[in-house]
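Okay, so the sequence shown: first residue is 35 according to this note's numbering, each after it adds one.
Backbone N, C-alpha and C fix where the C-beta goes; we use that ideal spot for every residue, glycine too.
From a predicted model like this one, the values you see are computed outputs, not experimental measurements.
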Amino acid sequence: MANVSEEWIRRTVEESWRAQELEVGSFNLAIFGKTGVGKSTLVNAIFGEDLAETGIGEPVTRGHHLYKHSSGSLGVFDTEGLEIGKDDETILSELATLVSDLKRRPVHEQIHVAWYCVGARSGRFEHVEEGFVRRLHELGLPVLLVLTQVPSRDGVPHERAVQLADHMASLDLPIATRRPFLTMAAPDSFDGPAHGLEGLLDATFRVAPAAVHDALTQAQRIDLARKRKACQPAVAAAVSAAAAAGASPIPFSDAALLIPIQLGMLSRIAMTYNVPLQRATGMALAMTAASTGAGRTVVTNLVKLVPGAGTVVGGTINASVASVITYAMGQAWIEICDRVARGDLSPHVLLDASLLRGVFATEFKAQAKRRIGKG
Ligand SMILES: Nc1nc2c(ncn2[C@@H]2O[C@H](COP(=O)(O)OP(=O)(O)OP(=O)(O)O)[C@@H](O)[C@H]2O)c(=O)[nH]1
Ligand SMILES: [Mg+2]
């Protein structure tokens, strides 16, 4: 069996990463609404990046008024230099051309959902805006209406915003969800806490094609339960692959057979939690270093961390030990990524090799124990 060198680990992680990027693809959102209603703030609150602010989008139409900003599994199309309510014809004709061009492209390049945002402060949904929304629908885009900057008190949205929502719902727009989603993207000392984002995200999942659900799960940062759940198939697949590899017991010295399986799993978990490749590589090195003793292959020492497996017969790893190790590695990384995403664990942990090894080893042991406990 090949030596598990640092170089080999880096390469293996990067290869899995690239393959998984292609597999996950991109969720593409188009966002419209009058200037200043809070479109960028909303995108940043749900997708957690200053994507909409940075302005380094690429023009995607001939008239150069529609831009696409991309980062990882997210694409955001928005309008620049034109105003809704004034330049609607220009925007819509550029959009129509774009949508029809994209129809010939793979699903991951198309626009999957449009959000039309209306500022609750204005208290108005203008006739031209209504027309604009109808036209979005005619272009075949699933449209969700969003009321932005909706003040609330004790969890109850402001009455004026509710009235505006009632009015918008009464217009019978031919769209998936007629009633707008009432949101506040960022807390405000006067207008109250953030709210309504989960509802908007859930509806976005419902109207987006299933082919982009993994990309949307990855791109969004507010529903960590979805991320956790999305990682489980990768863990299950790695556990079966590891069990298959161990079906004829692997000598300890060949245990590196399992490593590519586990690195692929780790890469998928890190990606789902928006951990950049460089850090994922650091995690891979910590995972392998956590178990590499002098001159020994990687899995050998991890086995020692598995309760009861220290007595493995004949110096081999069998299917059940291989699957326990792989399972515990997967769940340990999910737990660590989840805690970092929640802010329960400093992201610095991912940068500090020795700290990370410690955290991983502790979590790995706990997960292995749980798995064995379950039988
Ligand atoms: N507290 C709070 N402020 C918000 C919210 N949404 C928008 N704002 C503020 O409103 C202003 C405009 O928000 P943007 O997100 O830039 O609006 P936009 O629709 O992207 O504006 P344009 O890109 O110019 O069309 C900013 O000062 C934001 O901080 C919110 O949900 N809460
Ligand atoms: Mg903006």
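| Check | Outcome |
| --- | --- |
| Are the CB atoms of Leu173 and Leu129 nearer to each other than 8 Å? | yes |
| Taking just the CA atoms, how far does Ala270 sit from Thr315? | 21 Å |
| Kindly identify the DSSP beta-bridge partner or partners of Cys151. | Gly67, Val180 |
| Using 8 Å as the threshold, is the region 256-265 in touch with the region 60-78, meaning 3 or more CB pairs across them? | no |
| Looking at the unbroken beta strand (DSSP E) that takes in Leu170, where does it start and where does it end? | Run containing Leu170: none in the beta strand (DSSP E); it sits in the alpha helix (DSSP H), 161-172. |
| I'd like the ranges of any beta strand (DSSP E) spanning at least 3 consecutive residues and lying wholly in the region 218-294. | none |
| State yes or no: is the C-beta of Ser74 nearer than 7 Å to some heavy atom of ligand 2? | yes |
| What are the complete alpha helix (DSSP H) segments, minimum 4 residues, inside the region 87-157? | 122-136 |
| Does the structure place the region 195-205 close enough to the region 234-244 that three or more beta carbon pairs sit under 8 Å? | no |
| In angstroms, rounded to a whole number, what distance separates the CA positions of Ile351 and Ile284? | 5 Å |
| Give the single residue among Ala253, Pro381, Trp367 whose Cα lies nearest to the Cα of Leu235. | Ala253 |
| Any idea if Ala36 is buried or exposed, counting beta-carbon neighbours within 10 angstroms, 16 or more meaning buried? | Annotation note: pLDDT 46 at Ala36 (below 50); position unreliable, coordinate value reported separately. So Ala36 ends up on the exposed side. |
| With distance defined between alpha-carbon atoms, name the residue in Pro294, Val38, Leu379, Lys403 nearest to Trp51. | Pro294 |
| What do you get for Phe166, buried or exposed, if any count of 16 or more other CB atoms within 10 angstroms of its CB means buried? | buried |
| Does the pairing of the region 175-183 with the region 207-219 give three or more beta-carbon distances under 8 Å? | yes |
| What residue does the beta strand (DSSP E) around Leu216 start on, and which one ends it? | 211-216 |
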